[in-house]
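Just so you know, our numbering puts the end of the sequence shown at 1073, numbered straight through with nothing missing. Ideal placement from N, C-alpha and C gives every residue a C-beta, glycine not left out. Everything numeric in this text was worked out from a predicted model, so none of it was measured.
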Amino acid sequence: MDINLHQLHIFQSVATHGSYSRAAAALYLSQPGVSLQVKALERSIGMPLFEKVGRTLHLTEAGRELLAYSERIFGLLDETRLVMEELGGGRRGTVKVAASTTAGIYVVPPALGAFHRQYPEVRLTLDVLNRLTVQKQLLDNEVDLAVMGLIEDPKDMEVAEYVPNELVVIASPRHRLAERESIPLDELAKELFLLREAGSGTRVDMQGLFERRGITLRVGMELRSSGAIKQAVAADLGIAVMPLGAIELELLVGRLVVLNVVGFPVHRHWYLARRAAGHSSAAATALWNFLIHYRDDIVRSLAAQQSVAETR
């Protein structure tokens, strides 16, 4: 029986896509070329691997068995690759990172830039997604590391506090409360709130805070990005709660203001997470360790700034 990895890879792609044409497109091969490789594999095995029922392609019993073994084979090859990268000291390889929307835009890129300057030959990818999708990708082994603002169920994950995340109430400079001092939290019940989509970590935090005080929010809009919320607040469509790090530019140019609300800012953290089990590549481990040191440097810098401010 003469089976080669190239044929197995093509077979696995056809089985995954359920179509010769879609597999060919994914592999950047011609459809006839894909068909020929699968037929050669079937001749070598001596049994058909696919059968057509109507216009739908199905695996035969032999095809299902071969697919299970091919997944184990390629899994072992991936593990071999990780071990070889580890022997290289983490200076090469690919690290996949996922981050929740606000963290992915405002928090993670500067840290990845600093890592890239130190490890220029490590290839980095960053997916910016909603929090629940980030967590699912991490647990499904689709990414190596994740950064999120809220982790409700840390099962099967190693979690570490990352940089501080201060939540503040923002408004347009023209808002009636913009010049007020020590605004009671109850006063915000009169305002229209602009919220992120359900499941957002900031939204969960904010709703919990108001619910504990027995305050019902008046919801003006739900928006799917921090940028959209900032634009809507600046246009006088309502107020919002956002991480301070996401509005630095808008504060600098005067498009937004932070309201002086009693109980704010709310002090939270962004979190680093990786799978608790499984083999991490040397490059992924290097990034994890780098981010921990990066966090410590930021925390020390913030503490020094606060100390200087208190002595003035």
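*Could you pull out every residue in the same chain whose Cβ sits closer than 6 Å to the Cβ of G975, ignoring the five residues on either side in sequence?*
Translated into positions along the sequence shown, residue 975 becomes position 214. There are no such residues.
*If you count every other CB in all the chains shown that lies within 10 Å of the CB of A1007, and 16 or more means buried, which is it?*
By one-based count along the sequence shown, residue 1007 stands at place 246. Buried: at least 16 other Cβ atoms inside 10 Å.
*Taking the alpha-carbon positions, what's the L885 to R937 distance?*
Looking up residue 885 in the sequence shown gives position 124. Looking up residue 937 in the sequence shown gives position 176. The straight-line gap from Cα to Cα measures roughly 45 Å.
*Stretch pair the segment 1036-1053 + the segment 919-937: three plus CB contacts closer than 8 Å*: yes
*Residues sharing a beta bridge with I1000, DSSP*: Residue numbering aside, residue 1000 sits at position 239 when the sequence shown is read from its first letter. For I1000, which the question treats as bridged, DSSP gives the partners F954.
*What is the DSSP secondary structure of G854, counted as helix, strand or coil?*
Within the sequence shown, the letter at position 93 stands for residue 854. It is a strand residue.
*Would you call the segment 900-916 and the segment 957-968 touching, i.e. three or more CB-CB distances under 8 Å?*
yes
*Does the segment 894-903 come close enough to the segment 929-944 to have 3 or more Cβ pairs within less than 8 Å?*
no
*Per DSSP, which one or two residues make a beta bridge with T817?*
If you number the sequence shown from 1, residue 817 lands on position 56. In the DSSP output, where bridge partners are listed per residue, T817 has V814.
*Is it a yes or a no for the segment 1009-1029 touching the segment 801-814, going by three-plus beta-carbon pairs under 8 Å?*
no
*asked:* Taking the alpha-carbon of S831 as reference, which of G999, P1026, N765 and A989 has the nearest alpha-carbon?
replied: For this step, residue 831 is matched to residue 70 along the sequence shown. Among G999, P1026, N765 and A989, the Cα nearest to that of S831 belongs to N765.
*Enclosing alpha helix (DSSP H) for E1009 [first to last residue]*: Position 248 of the sequence shown holds residue 1009. Counting along the chain, the alpha helix (DSSP H) containing E1009 begins and ends at E1009 to V1014.
*So who's on the other strand from Y880, going by DSSP bridges?*
Start at 1 with the first residue of the sequence shown, and residue 880 comes out as number 119. DSSP output for Y880 lists no bridge partner at all.
_Quick check on Q879: buried or exposed, where buried means 16 or more other Cβ atoms within 10 Å of its Cβ?_
Here the question's residue 879 lines up with position 118 in the sequence shown. Q879 should be labelled exposed.
*What distance in whole Å lies between the Cβ atoms of P881 and H1028, which are believed to be in contact at a cut-off of 8 Å?*
Mapped onto the sequence shown, residue 1028 falls at position 267. Mapped onto the sequence shown, residue 881 falls at position 120. At roughly 35 Å, the Cβ-Cβ gap does not stay under 8 Å, so H1028 and P881 are not in contact.
*Just the C-alpha distance for M982 and A950, rounded to the nearest angstrom, thanks.*
Locating residue 982 in the sequence shown gives position 221, where the first residue counts as 1. Locating residue 950 in the sequence shown gives position 189, where the first residue counts as 1. Cα to Cα, M982 sits roughly 15 Å from A950.
*asked:* Taking the beta strand (DSSP E) that L1033 belongs to, which residues open and close that run?
replied: As a first step, residue 1033 must be located in the sequence shown, where it is residue number 272. First-last of the beta strand (DSSP E) with L1033: V1027 to R1036.
*Can you check DSSP and say which residues form a bridge with S861?*
In the sequence shown, counting from the first residue as 1, residue 861 sits at position 100. L890.
*Once you ignore the five residues that flank G1024 on each side, which residues in its own chain have a CB closer than 7 Å to its CB?*
Taking the first residue of the sequence shown as position 1, residue 1024 is located at position 263. Closer than 7 Å at Cβ, skipping near neighbours: L946.
_My output table needs one value for N1050: the three-state DSSP class, helix, strand or coil._
Start at 1 with the first residue of the sequence shown, and residue 1050 comes out as number 289. Correct three-state label for N1050: helix.
*Residue span of the beta strand (DSSP E) that contains V924, given as start and end*: For the purposes of this step, residue 924 is taken as the residue at position 163 of the sequence shown. M918 to A932 is the span of the beta strand (DSSP E), which, as asked, contains V924.
*asked:* Taking only three categories from DSSP, how would you classify L949?
replied: Numbered from its first residue, the sequence shown carries residue 949 at position 188. DSSP places L949 in helix when its eight states are reduced to three.
*Close Cβ partners of M967 (< 6 Å) along its chain, the five nearest in sequence each way excluded*: Counted from its first residue, the sequence shown places residue 967 at position 206. Only V1002 meet the Cβ criterion.
*Please name the residue, chosen from Q773, V895, L970 and L790, that lies closest to P1026 on a Cα-to-Cα basis.*
Against the sequence shown, residue 1026 aligns to sequence position 265. P1026 has its Cα closest to that of L970, out of Q773, V895, L970 and L790.
_Going by the DSSP bridge assignment, what does I944 pair with across the sheet?_
In the sequence shown, counting from the first residue as 1, residue 944 sits at position 183. Answer is V1022, bridged to I944.
*Among A875, H767, G779 and A872, which has the Cα closest to the Cα of T817?*
The residue you call residue 817 lines up with position 56 of the sequence shown. Checking every option, the nearest Cα to that of T817 belongs to G779.
*Report the rounded CA-to-CA distance for R957 versus A823, giving the unit in angstroms.*
Taking the first residue of the sequence shown as position 1, residue 957 is located at position 196. Taking the first residue of the sequence shown as position 1, residue 823 is located at position 62. The alpha-carbon atoms of R957 and A823 are separated by roughly 49 Å.
*Taking the CB atoms as reference points, tell me whether P870 and L928 lie closer together than 9 Å.*
Translated into the one-based positions of the sequence shown, residue 870 becomes position 109. Translated into the one-based positions of the sequence shown, residue 928 becomes position 167. Contact: no.
*asked:* So, at 8 Å on beta carbons, what are the nonlocal neighbours of Q798 in its own chain, with the 5 sequence-adjacent residues on each side left out?
replied: Position 37 of the sequence shown, counted from the start, is the residue given in the question as residue 798. Closer than 8 Å at the Cβ level, and outside the excluded window around Q798, lie H767, Q768, I771 and F772.
_Exposure of S1041, with buried meaning 16 or more beta-carbon neighbours within 10 Å_ = In the sequence shown, counting from the first residue as 1, residue 1041 sits at position 280. With 16 or more Cβ atoms within 10 Å of its Cβ, S1041 is classed as buried.
*Looking at the unbroken alpha helix (DSSP H) that takes in M967, where does it start and where does it end?*
Position 206 of the sequence shown, counted from the start, is the residue given in the question as residue 967. Taken as a continuous stretch (DSSP letters only), the alpha helix (DSSP H) holding M967 covers G962 to R973.
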